[in-house]
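The structure under discussion appears below in the form of structure tokens.
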Amino acid sequence: MNDFLLPVKMQELSGIFTKINIQILELLSREHLHIREIAERIKCSPAKVHACIKIFKKNNIAKEIEEKNRKVVVLNLDNELTNQIIDLINIDKSIEKRPVQERINIFDGISPLDFRYYGRSKKIFEKLQPYLSESAFVKYALKAESALTRALAKNKICSQKIADEVERACRKVTPEEVYFEEDRINHNIRALANSIRNKVSEEAKPFVHFTSTSYDIIATADALRYKEFANNVLVPELLKFESTLISIALREKDTLQIGRTHGQHAEPITFGFAIAQYASRFGSSILRIKKSANNLRGKMAGAVGSYNASSLFFENPVKFEEDVMSELGLKASPISTQIVEAEFLVEYLNSVVSAFGVIANLADDMRHLQRNEIGEVGEFFEAKQVGSSTMPQKRNPINFENVKSMWKEMMPRMMTMYMDQLSEHQRDLTNSASMRFIPEILAGFYVSIKRLDKIMSSLAVDKSNMKKNFDMNRHMIVAEPLYILLAANGHPDAHEYVREMTLKSQMTKQPLIELVKNDKSIQSYLKKLNKRQLEIINNPEKYTGIASKKTEMVCEEWKRELRI
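In terms of the numbering used here, the sequence shown has 469 at position 466, counting the first letter as 1, and numbering is strictly consecutive.
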């Protein structure tokens, strides 16, 4: 027995060299994994893996570290015992040549999404990483490759045994392996295919990436991950926010507020009515996002879209393409070049950016209503939150401002998506870099929805300030109903009459309605007004139309439509 094994008790040694432990060591020699990921890879219970890792940790063979907001198991290569066990069980003799996971501090990153909004939030990371990260793209590209082989087996081009073997291999390939291979050959999807081929038998190798081109895999992977991101992560969050808006609207349906047009006081509404308009706009946005996400298309039509390669083997290559897509729950593009019809993705992103515009508008309105001189709403402030580095009294509307700022960054990127509709002939590569930034648009929108939902859920509504602001011009508010009622009862120039009386009111500081009542020339018209009409011109706070009722109607409609 080797000398290095002497410090380890014999019973512990036998505990290390078990079949399951060797499988785990092989996995850990290639990548850093969470216990659940190890269990999934080797098809056993997390409890069993935990027991194995406990033995490794006891003998300093492996350790757990924090990595990207999660605990992962890594081999302790500083321990000579670990290295000699690896040599003994013949795991990759050229260990120094294996792909090494690159590790950078998030504060060494360039994108603010990573170091400020995504990388520092465990909850957001766990939601977005499975769909929008580069490792997610690799995972979905592997799903596309696996679906391709399953469809080949279904059509008797290869055996089910080979399809199963390729599927198992796809579950084992890591992003690090793919990028390591890409560094060698300078082609990302061929690197993906090679990484799969390295894990299958000689019999299975020919059927990896069979008849497909790179963009068959890329377009299909992107369609699937963006669709699943929308259905599994984004839309549930949008529905939650819509529910928040509806709750506020119904709660404040009778809260008097002065309406504002062009920044000036206009006619009375209710605060709930103002919010109901956003609930309606945002509800429509949710429907557009759901529809466009579930209409994203993949392809398996080859290098120029005319099924050149697959037609060598299939009488109906379109049916074969449909078979591949059905494995993934997708539809194929009606016709393709090397890429799918661009408009499916453009419509999806346009629906997202349009919805982003709705919440940016809402955030901007709330920000203005929070001004000192208006003070009708306020963000909830944490006990230790600081508003200004030099003015301790400040309570800035930072969350509303952040949402608008994020929209300003992401909205112009839609122009790039429109430009990506242009691709010369059967395809050029001018969308290659720009398409990689799509996840940032989706991430920015998601982060903003989370932020706005949190702040709107605890929004403070100052009803006394709303009443005070209304009272600033309460006597002028009757101008519109007064002019309309006078005209309806036969006054030949009601609008001009009321306009002149408003000027007189401003000059004399007398209420408009008192001046009108004291004008003998107008008495005959006033006598024709019914009780309800008189009540409104004497009590302008009642001149809210059907704001409250319309709020209820709109909210109930969207609750039914969205089932919330």
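Quick reminder that beta carbons are idealized off the backbone N, C-alpha and C, glycines included.
All figures in this text were calculated on a predicted structure; none of them were measured in a lab.
What residues match up with residue i in a beta bridge as DSSP calls it?
i, result
"Q267", "T264"
"K74", "E69"
"K334", "R300"
"L455", "Partner(s): none; L455 has no beta bridge."
"T273", "L259"
"L36", "V76"
"V464", "V380"
Have a look at residue i and residue j and give me their C-alpha separation to the nearest angstrom.
i, j, result
"H35", "N63", "16 Å"
"R563", "G286", "11 Å"
"F383", "S461", "6 Å"
"R44", "P133", "17 Å"
"N319", "A446", "40 Å"
"S357", "S288", "7 Å"
"K553", "R300", "39 Å"
"E559", "E270", "25 Å"
"H190", "Y310", "22 Å"
"I160", "S215", "14 Å"
"N542", "I516", "10 Å"
"K146", "C173", "7 Å"
"I68", "N108", "14 Å"
"V11", "Y143", "With a pLDDT of only 46 at V11, under the threshold of 50, the placement of this residue in the model should not be trusted; the figure read from the coordinates follows. When rounded, the distance between both Cα atoms is 43 Å."
"M475", "V380", "18 Å"
"L315", "N158", "13 Å"
"A386", "H265", "Confidence in A386 is poor, its pLDDT being 49 and thus under 50, which makes the residue's placement too unreliable to answer from."
"F317", "L155", "10 Å"
"I338", "I278", "43 Å"
"E255", "E185", "58 Å"
"D81", "M422", "51 Å"
"K334", "E148", "16 Å"
"L131", "L290", "21 Å"
Measure how close the beta-carbons of residue i and residue j come, nearest whole angstrom, since I'm counting them as under 8 Å.
i, j, result
"V343", "S336", "4 Å"
"I452", "N402", "That belief does not hold up - the Cβ atoms of I452 and N402 are roughly 12 Å apart, past 8 Å."
"F274", "T258", "4 Å"
"I23", "K51", "7 Å"
"N399", "R454", "With 8 Å as the limit, N399 and R454 do not qualify as a contact, their Cβ atoms being about 14 Å apart."
"L565", "L242", "6 Å"
"N72", "K125", "4 Å"
"P178", "S138", "5 Å"
"F448", "V355", "5 Å"
"F347", "A224", "Rounded, the Cβ-Cβ distance is 14 Å, inconsistent with contact."
"V361", "Y281", "7 Å"
"I127", "Y121", "6 Å"
"Y500", "L518", "Rounded, the Cβ-Cβ distance is 11 Å, inconsistent with contact."
If you compare alpha carbons, which of the options is closest to residue i?
i, options, result
"Q424", "D367, K411, K466 and V349", "V349"
"A491", "N472, Q536 and M504", "Q536"
"G378", "I261, E427, L299 and S426", "I261"
"P484", "I68, I540 and L30", "I540"
"H478", "T511, M422, V236 and D111", "T511"
"R119", "F440, Q163, M409 and E83", "M409"
"A150", "V211, S250, H37 and P415", "V211"
"M438", "S32, F20, I221 and S354", "I221"
"H37", "V321, I88, I292 and V75", "V75"
"S204", "R171, Y182 and N234", "R171"
"L78", "L28, E206 and S435", "L28"
"I292", "Y351, G493, E148 and K60", "Y351"
"Q267", "N297, A363 and H371", "H371"
"L237", "S295, I199 and S283", "S295"
"I567", "N234, L31 and S246", "S246"
Taking residue i as part of the alpha helix (DSSP H), name the residues at either end of that continuous run.
i, result
"D219", "S217 to F232"
"Q509", "A497 to T511"
"T152", "E137 to K157"
"N62", "Unbroken run through N62: none, as it is neither H nor E."
"R193", "N191 to R200"
"F110", "Counting along the chain, F110 falls outside any alpha helix (DSSP H), and DSSP gives it neither H nor E."
"E185", "P178 to I188"
"T433", "No alpha helix (DSSP H) contains T433, which DSSP labels as neither H nor E."
"E412", "I401 to M413"
"Y351", "E346 to L372"
"N24", "K22 to L31"
"A207", "Element bounds for A207: n/a, residue is neither H nor E."
"A252", "V238 to R254"
"E538", "K534 to N541"
"R416", "R416 to M422"
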